[in-house]
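A.B. asks: First the structure, which I've put down as structure tokens, then a few questions once you've had a look.
Here you go:
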């Protein structure tokens, strides 16, 4: 009886082992059936994109600030009190328009004195001219008399006494000296007139400087003084003078960009620029107008300026713009999505998918790139397919189920809204 029970236990154990083996064989199959329904492949699905011809370029995206084309504090050239100020903040003025008038009490007296000196000098010249004319007439008469006596004495000896000839000669010489003296007096009077007129012009110019005028057409952005304020002359660097107003030319603006040292050498005159002003929700286009060609030692940036016409007044100095500046560009480059590239230092690889949908790891040489696509210089050809996205779940030689995707560049006409990549 014991022997029968032993064989029965062994048989039951064998049945249990057999059933357990069958269950473990079927479990993966059922799991596979749930993961891959009938009619589908068991290969892992992978997103792939084709190498295609696209425009691609390095574009620097950087914030810039709009500044007036000209922006100056307007100072007085002479010291004085503000008699009247004609403008205030926000007023638009023309070049040469009077902004303020100064009252300079001592200047009026100086100008009157200069005018009087000119009049006196002119009177003195008229007197000197009269004296010279009379002296010349007297000299002409004396010289004629002396000449006649001398000729008569030479024609007939003893006809004219020698004393009479000597007296006539003395009168001739005296008259000649009088002419020289009158001529010198006239020259002195003329020189005095020149000095008086120079003083008159100087004081007249100072009087004109009492009118403070706009050096260019623009808008008053600040007013520093009011009627009655004492203004110092702004002609000396050693004297701290207070300006009257601040004037800015805003019909044309400068968009100022701090270009990083890493790309400063790639900036050229005429490079196209796109500026997005968020405050206006508008885009503006321009070209590089000028650049410093020198780096700021503190910021390590190069100031670059783009001129924008602002006659319609839409832009306001101080506004910021997100600026895209094209540095280099190719119109028909072989490109793939950036997501397809794995970098290791200077080495770059992609997972290419062959005609049997098997992954092949390839080394590629890259060129220009933007924020979405990168140029492939070697390692791929047109229409080659590459895996995009996370590569950690794939390996070289693995068979996949490819799912084609297309990079969306429709918003930029084949180019993407890009940033400069190192």
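Numbering (the working numbering), first residue to last: 1 to 422. In this text, a Cβ means the ideal position worked out from N, Cα and C, and glycines have one as well.
#1: Confirm, please, whether the CB-CB distance from residue 329 to residue 257 is below 9 Å.
#2: Where does the unbroken alpha helix (DSSP H) through residue 130 begin, and where does it stop?
#3: By DSSP, does residue 207 sit in helix, in strand, or in coil?
#4: From which residue to which residue does the beta strand (DSSP E) around residue 359 run?
#5: Report yes or no: do three or more beta-carbon pairs, one from the region 111 to 122 and one from the region 237 to 255, lie closer than 8 Å?
#6: When you compare each of 345, 389, 317 to residue 352 by their alpha carbons, which one comes out closest?
#7: Compute the distance between the beta-carbons of residue 48 and residue 369, then report whether it is under 9 Å.
#8: Determine which residues share a DSSP beta bridge with residue 280 and list them.
#9: For chain C, find out if any of its Cβ atoms is closer than 9 Å to the Cβ of residue 192; answer yes or no.
#10: Classify residue 310: buried if its beta carbon has 16 or more other beta carbons within 10 angstroms, exposed otherwise.
#11: What separation, rounded to the nearest whole angstrom, lies between the Cα atoms of residue 159 and residue 144?
#12: Which residue marks the beginning of the beta strand (DSSP E) containing residue 221, and which one marks its end?
#13: What number of angstroms, rounded off, separates the C-alpha of residue 51 from the C-alpha of residue 391?
#14: Please name the residue or residues paired with residue 330 in a DSSP beta bridge.
#15: Quick one: grab the DSSP three-state call for residue 194.
#16: Is there contact between the region 215 to 227 and the region 81 to 98, where contact requires at least three CB pairs shorter than 8 Å?
#17: Consult DSSP for residue 406 and reduce its assignment to one of helix, strand or coil.
#18: Where residue 61 and residue 323 are concerned, what is the direct C-alpha to C-alpha distance, given to the nearest angstrom?
C.D. replies: Short version:
#1: no
#2: 105 to 155
#3: helix
#4: 359 to 363
#5: no
#6: 389
#7: no
#8: Answer is none; residue 280 lacks a bridge partner.
#9: Among the chains in the structure shown there is no chain C, since it carries only a single protein chain.
#10: buried
#11: 18 Å
#12: 218 to 223
#13: 18 Å
#14: 56
#15: helix
#16: yes
#17: coil
#18: 5 Å
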